[in-house]
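Trainee: The structure under discussion is supplied below as structure tokens; questions concerning it will follow.
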Amino acid sequence: MGSTERRERERDERRRSILTAAEGLFLEKGYSAVTLDELAAHCELAKGTLYLYFPSKADMLGSIALATIQDLGDRFQRVLETCQDPASCLGQMGQQYMEYHHATRERSGLVELASSRAIQEQLSPELQAAWGRESGRSITQLAQALGGCRAAGLLVEDLDPLEFALVLAGCSMGLIEIAGQCQGMLPLEPAQFVERGWSLLLSAVSAPGVDLSRSMKDGGPE
105 MGSTERRERE RDERRRSILT AAEGLFLEKG YSAVTLDELA AHCELAKGTL YLYFPSKADM
165 LGSIALATIQ DLGDRFQRVL ETCQDPASCL GQMGQQYMEY HHATRERSGL VELASSRAIQ
225 EQLSPELQAA WGRESGRSIT QLAQALGGCR AAGLLVEDLD PLEFALVLAG CSMGLIEIAG
285 QCQGMLPLEP AQFVERGWSL LLSAVSAPGV DLSRSMKDGG PE
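Residue numbers (the numbering used here): 105 to 326.
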């Protein structure tokens with residue numbers, strides 16, 4: 105390994121270690137309560153060194169959240185690349201979303217904060233561009249799966265895949281928020297609550313004689 109590659113690797117490792125430390129402090133104390141001085145001390149770095157990697161605290165938060173939403177896009181992409189059956193593809197995406205929610209639920213508050221207008225306006229142009237590319241990726245992928253189901257005659261003909269993908273995504277976020285607010289009232293875990301929501305919506309747009317909601321459970325329509 106040459107000196108250039110070694111320096112790049114060391115820089116990437118330092119960047120990841122800063123983000124790991126920042127995420128821990130943000131989760132423990134809250135984003136607003138964490139100062140750059142505190143974070144620098146926690147990382148055993150000079151404050152100026154932090155600026156070599158991140159121009160602002162907002163960029164640290166944005167980078168943490170961006171990696172989280174990239175994970176969902178990566179999960180969906182693997183499904184699209186490996187699954188041939190339209191119904192199974194959609195069902196696997198639903199299952200991947202539930203697993204993603206479970207794996208990232210501790211970070212959900214950070215993602216929500218990073219998505220706010222106040223934080224987005226503070227991000228560097230490079231990070232804003234990355235958010236623009238990534239934020240719509242999972243929606244486009246879900247729309248692709250829905251389009252495959254419509255082409256296979258599993259969904260009503262007048263369904264707009266992109267429009268319904270946005271409906272599914274919006275309902276999922278809303279259901280997760282409600283589940284968090286109503287803990288103790290629901291007989292289901294949050295992920296199961298979202299799965300139930302997807303099933304109800306898919307039942308409503310399934311083609312006559314098809315129950316696409318079963319794809320959420322066994323990978324194929326009834």
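Each residue gets a CB set at the ideal place from its N, CA and C atoms; glycine is no exception.
These figures come from a predicted structure and were not determined experimentally.
Are there three or more Cβ pairs, one per stretch, closer than 8 Å when the region 149 to 158 is compared with the region 171 to 181?
Mentor: Not touching, per the Cβ criterion.
Trainee: Can you check which of these residues, D262, L263, I243, is closest to M277 by C-alpha distance?
Mentor: Sequence index remark: in the sequence shown, residue 277 carries index 173 (1-based). When each option's Cα is compared against that of M277, the closest is I243.
Trainee: Would you kindly report the start and end of the unbroken alpha helix (DSSP H) that includes Q188?
Mentor: By one-based count along the sequence shown, residue 188 stands at place 84. First-last for Q188: undefined, no H or E at that position.
Trainee: Quick check on L304: buried or exposed, where buried means 16 or more other Cβ atoms within 10 Å of its Cβ?
Mentor: Along the sequence shown, read from residue 1 onward, the residue named residue 304 stands at position 200. L304 is exposed by the Cβ-count criterion.
Trainee: In or out: C253 buried (at least 16 other Cβ within 10 Å) or exposed?
Mentor: What you label residue 253 is simply residue 149 of the sequence shown in a count that begins at 1. Classification for C253: buried.
Trainee: Go ahead and pull the three-state DSSP assignment for S219.
Mentor: In the sequence shown, residue 219 corresponds to position 115, counting from 1. It is coil, neither helix nor strand.
Trainee: From what residue to what residue does the alpha helix (DSSP H) around Y135 run?
Mentor: As a working mapping, residue 135 is identified with position 31 in the sequence shown. From DSSP, Y135 is part of no alpha helix (DSSP H); its letter is neither H nor E.
Trainee: So, at 8 Å on beta carbons, what are the nonlocal neighbours of P325 in its own chain, with the 5 sequence-adjacent residues on each side left out?
Mentor: Numbered from its first residue, the sequence shown carries residue 325 at position 221. Unreliable positioning characterises P325 in this predicted model, as indicated by a pLDDT of 43, which lies under 50. A coordinate reading is not provided.
Trainee: Give a yes or no on contact between the region 194 to 208 and the region 129 to 143, applying the rule of three or more CB pairs nearer than 8 Å.
Mentor: Not touching, per the Cβ criterion.
Trainee: Would you mind sorting C286 into buried or exposed? The rule is 16 or more other CB atoms within 10 Å of its CB.
Mentor: In the sequence shown, the residue the question calls residue 286 occupies position 182. With fewer than 16 other Cβ atoms within 10 Å, it is exposed.
Trainee: Helix, strand or coil for S310, going by three-state DSSP, please let me know.
Mentor: In the sequence shown, residue 310 corresponds to position 206, counting from 1. Here S310 sits in strand by DSSP.
Trainee: Could you compute how far the alpha carbon of C193 sits from the alpha carbon of P265?
Mentor: Counting from 1 along the sequence shown, the entry for residue 193 is found at position 89. Counting from 1 along the sequence shown, the entry for residue 265 is found at position 161. Approximately 14 Å, taken between the alpha carbons.
Trainee: Could you please give the first and the last residue of the uninterrupted alpha helix (DSSP H) stretch that includes P229?
Mentor: What you label residue 229 is simply residue 125 of the sequence shown in a count that begins at 1. Taken as a continuous stretch (DSSP letters only), the alpha helix (DSSP H) holding P229 covers 229 to 239.
Trainee: Would you kindly report the start and end of the unbroken alpha helix (DSSP H) that includes Q287?
Mentor: Here residue 287 refers to the residue found at position 183 of the sequence shown. That residue, Q287, is in no alpha helix (DSSP H); it is neither H nor E in DSSP.
Trainee: Can you check which of these residues, R110, E293, E261, is closest to M202 by C-alpha distance?
Mentor: As a working note, residue 202 is residue 98 in the sequence shown. The shortest C-alpha separation from M202 is found at E293.
Trainee: Where P312 and I223 are concerned, what is the direct C-alpha to C-alpha distance, given to the nearest angstrom?
Mentor: If you number the sequence shown from 1, residue 312 lands on position 208. If you number the sequence shown from 1, residue 223 lands on position 119. So the alpha carbons of these two residues sit roughly 45 Å apart.
Trainee: Hey, G134 and L227: beta-carbon distance below 7 Å or not?
Mentor: If you number the sequence shown from 1, residue 134 lands on position 30. If you number the sequence shown from 1, residue 227 lands on position 123. Result no, Cβ atoms of G134 and L227 do not sit closer than 7 Å.
Trainee: Which residues in the same chain as Q232 place their Cβ atom closer than 8 Å to its Cβ, once the five residues preceding and following it in sequence are excluded?
Mentor: Residue numbering aside, residue 232 sits at position 128 when the sequence shown is read from its first letter. These residues qualify, in order along the chain: Q224.
Trainee: Taking DSSP as the reference, what is the three-state secondary structure of I280?
Mentor: As a first step, residue 280 must be located in the sequence shown, where it is residue number 176. Looking at I280 - three-state DSSP - the assignment turns out to be helix.
Trainee: So, using beta-carbon positions, are A234 and L250 closer together than 7 Å?
Mentor: Locating residue 234 in the sequence shown gives position 130, where the first residue counts as 1. Locating residue 250 in the sequence shown gives position 146, where the first residue counts as 1. Contact flag unset, no.
Trainee: On the CB-based measure, 16 or more other CB atoms within 10 Å of its CB, does M164 come out buried or exposed?
Mentor: Mapped onto the sequence shown, residue 164 falls at position 60. Buried.
Trainee: Check the C-beta distance from A283 over to V215 and give it rounded, since I have them as a contact under 8 Å.
Mentor: Within the sequence shown, residue 283 is the residue found at index 179, counting from 1. Within the sequence shown, residue 215 is the residue found at index 111, counting from 1. With a Cβ gap of about 16 Å, A283 and V215 do not count as contacting.
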